[in-house]
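**Student:** Heads up: the sequence shown at position 87 corresponds to 87 in our numbering, and the numbers run straight through without jumps. Ideal Cβ placement from N, Cα and C applies to all residues, glycine included. Since the model is a prediction, treat every value here as computed from it, not as a measurement.
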Amino acid sequence: MLKTKLMQLLIVSAVVLTAGLMIRAQSGEQAVLAEAERISKDQFNFTVKTAKGAKVYGVKKPSPEMLDAIDRGLTDLFAVARKNKYKKRLKYSDYIVFIAKPDRQKNYDGEYSPDIAIGAAQYAGTIYDKGGYIYAAGMVIGYNPGAFIIGEHTKDFNRVADVVRFEGEHIVLYHNDRKRYNETADHSKGGGHPILQ
Ligand SMILES: [Zn+2]
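#1: With which residues is Thr47 paired in a DSSP beta bridge?
#2: Go ahead and label Thr202 buried or exposed: buried means 16 or more other beta carbons lie within 10 angstroms of its beta carbon, across all protein chains shown.
#3: Hey, which unbroken runs of the alpha helix (DSSP H) at 4 residues or more fall wholly within the stretch 122-189?
#4: Can you list, in chain order, the residues of its chain whose CB lies under 8 Å from that of Tyr92, leaving out five sequence neighbours each side?
#5: Examine ligand 1 and report whether any of its heavy atoms sits within less than 8 Å of the Cβ of Gly53.
#6: Contact criterion: CB-CB distance below 9 Å. Does Gly132 meet it with respect to chain D?
#7: Answer yes or no: the CB of His153 versus the heavy atoms of ligand 1, is any distance below 8 Å?
#8: Please confirm whether Pro145 and Glu35 have their CB atoms less than 9 Å apart.
Below you can see the structure in the form of structure tokens.
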């Protein structure tokens, strides 16, 4: 039961507006920054690197716990990617993580769930649609560099590590297995995380 709930939360870690992003993503870090600001309506005033070398943008100064959780999520991602014989984008420095200000702190069951509200796009009319927008634990912003947004957490950092790993799955698949990427990118048609076993 609990596991089902967690999956429902994380299933919404979506790839929205994929076609548009692929065009934007070609122009690099400034483009993903602009896209992250557009989607979150936040200003990312702080940039730091994790101990292992991933780049992190924050609205506030990212906490050590957030930075550690990002490294842990990427470590788990790279391990499962190697298990699947994927070789590309397995360096920490291949990734940029945007820590946005959450648009809610709790889910509809009252559980701690700092999530970001984003335009519903292809999720319109599905169970995730909360009136033109959905709450997402995370969202891919671009593929070159690999970039995604997550909400700032002040506790439950294992959830952060999971969301990082799950968003990273889309980026790893994009670069290593385009067919599988296409089959798994859009959760509105079913399917969730983890994708890689
Ligand atoms: Zn996803």
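**Tutor:** The short version:
#1: Here residue 47 refers to the residue found at position 47 of the sequence shown. Thr47 pairs with Tyr57.
#2: Lying outside 1 to 197, the shown extent of the chain, residue 202 is not represented and no answer is given.
#3: 157-176 and 178-184
#4: Translated into positions along the sequence shown, residue 92 becomes position 92. Result list for Tyr92: Thr50, Lys52, Gly53, Ala54, Asp71 and Leu74, in chain order.
#5: Taking the first residue of the sequence shown as position 1, residue 53 is located at position 53. Gly53 Cβ: outside cutoff for every heavy atom of ligand 1.
#6: Absent from the structure: chain D. Only one protein chain is present.
#7: Indexing the sequence shown from 1 puts residue 153 at position 153. No - ligand 1 has no heavy atom lying nearer than 8 Å to the Cβ of His153.
#8: On the sequence shown, residue 145 is found 145 positions in, with the first residue counted as 1. On the sequence shown, residue 35 is found 35 positions in, with the first residue counted as 1. Result no, Cβ atoms of Pro145 and Glu35 do not sit closer than 9 Å.
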